[in-house]
Amino acid sequence: MATVTVRVPQATHQRLRGLAEKRGRPIGEVIDEAARKLEDADFWAEVNASYERLYADPVARAEYEAEMALWDSTLMDGLEDYPYEGIEELLAQPEPAGVGSKS
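Using the working numbering, you'd call the opening residue of the sequence shown number 958 and step up by one each time.
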């Protein structure tokens, strides 16, 4: 893996070294983890901001909620309340010869 040198203030380097020692990992891995967490935080901040914009617009919010209501009605699509009733007995039966065997 190619590496580069990054200049940071001495206090930051000390903090990174302390974190690396605490975790028993190289400083580079600590920096990588921090970068990933910042990327995740930025992603979720944008998701939250998008929902805030959506909910601030009454028309868009109503359209979104109507679409979600349509999806909610598809969850069971005519299935019985307990479609897997009796599955334990079915799974307990031995497999027929040749089924599941590697040949």
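Think of the CB as a built atom: it goes at the ideal place given N, C-alpha and C, for glycine as much as any other residue.
Between Arg974 and Ile988, the CB-CB gap reaches or exceeds 8 Å.
DSSP places Pro1015 in the uninterrupted alpha helix (DSSP H) bounded by Pro1015 to Asp1029. Between Arg1018 and Leu1011, the C-beta spacing is below 8 Å. In this structure, the CA atom of Ser1030 is about 22 Å from the CA atom of Val1016.
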